[in-house]
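One structure below.
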């Protein structure tokens with residue numbers, strides 16, 4: 053029995069749900085929102101007790117261990133797994149990109165949804181590169197917070213998007229000072245991680261070269277909307293209207309999964325998946 057239900061982050065009618073509905077149309081998979089990351093693993097395991105064909109998909113997020121990040125060699129989704137005693141429990145997949153917003157701002161997606169000609173697409177791509185440049189230090193700060201975060205306590209990684217490098221360093225220090233003993237941040241390690249990953253996130257860096265995947269889509273969208281001097285098409289300044297146009301175009305396309313290789317690869321992975329034996333799926337022992 054293949055995947056019967058695919059749980060995703062978000063709420064009813066959220067972009068995550070609508071995008072997955074579109075690219076999985078015709079597979080027979082039911083897409084349902086989980087509400088968020090909290091309790092997501094427990095929800096999948098609980099649902100599998102009734103139906104072994106339940107899987108989940110989560111945002112890619114910043115790499116907890118940036119040193120292990122490698123350039124994607126194929127468009128397929130990453131597997132989402134966890135250790136369960138001596139076994140590895142397959143929960144589902146992770147989006148290849150940081151979050152769903154990254155896909156909704158992709159030049160290929162926008163060109164199809166908004167019916168851009170090659171010149172309009174090229175102009176947008178060049179403008180997007182300026183946005184990526186403006187978010188280099190911000191992304192390095194957020195990656196540093198992610199890789200230094202306590203394992204068992206959630207850490208807010210948002211920082212000021214208009215801050216300079218020095219201001220970001222001060223903001224990181226303030227965050228470290230603000231955390232309690234139960235959610236301790238090592239200030240020195242945090243600042244060292246920031247400095248270490250700045251070269252990764254600015255011009256020529258490995259994350260900067262893949263900014264449409266690694267940088268936060270919500271940050272990219274905010275920069276497009278709110279930064280004076282970025283001469284974007286007015287439609288790109290209205291996030292909800294833009295989101296609706298893209299999702300509506302996907303929902304009315306005969307083969308929306310063909311818009312990006314990543315979407316076609318996810319569809320294939322979902323169709324090919326088979327559940328593990330019941331003992332592994334539920335985490336019980338034989």
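In our numbering, the protein residues as written are 53 to 338. We put the CB at the ideal spot given by N, CA and C, even for glycine.
Rounded to the nearest whole angstrom, the CA to CA distance from residue 96 to residue 259 is 31 Å.
By alpha-carbon distance to residue 293, the top candidate from 277, 135, 115 is 277.
Taking one beta carbon from each stretch, the segment 116-126 and the segment 67-86 have fewer than 3 pairs nearer than 8 Å; the two do not touch. For residue 93, the enclosing alpha helix (DSSP H) covers residues 92-100. Residue 108 is classed as buried because its beta carbon has at least 16 other beta carbons within 10 Å across all chains shown. As computed with DSSP, residue 133 is found in a beta bridge with 142.
Taking the Cα positions, residue 242 is about 24 Å away from residue 272.
By the Cβ rule, the segment 304-319 does not count as touching the segment 211-224, because fewer than three pairs are nearer than 8 Å. A distance below 8 Å separates the beta carbons of residue 152 and residue 71. When DSSP states are grouped into helix, strand and coil, residue 188 belongs to the helix group.
DSSP lists no bridge partner for residue 251. Apart from the 5 residues on each side of it in sequence, residue 283 sits with its Cβ closer than 8 Å to the Cβ of 179 in its chain, given in chain order. Two segments are said to touch when three or more pairs of C-beta atoms, one from each, lie closer than 8 Å; by this definition the segment 184-193 does not touch the segment 154-174. Taking C-alpha positions only, residue 141 is separated from residue 187 by approximately 36 Å. Burial check for residue 252: the Cβ neighbour count within 10 Å reaches 16 or more, so the residue is buried.
Here the C-alpha atom of residue 319 lies approximately 7 Å from the C-alpha atom of residue 75. Look at residue 82 here: in three-state DSSP terms it is strand. Distance between residue 78 and residue 275, taken at the CA atoms: about 36 Å.
According to DSSP, residue pairing for residue 87 in a beta bridge does not occur.
Note on residue 117: under 16 other CB atoms within 10 angstroms of its CB, so exposed under the neighbour-count rule.
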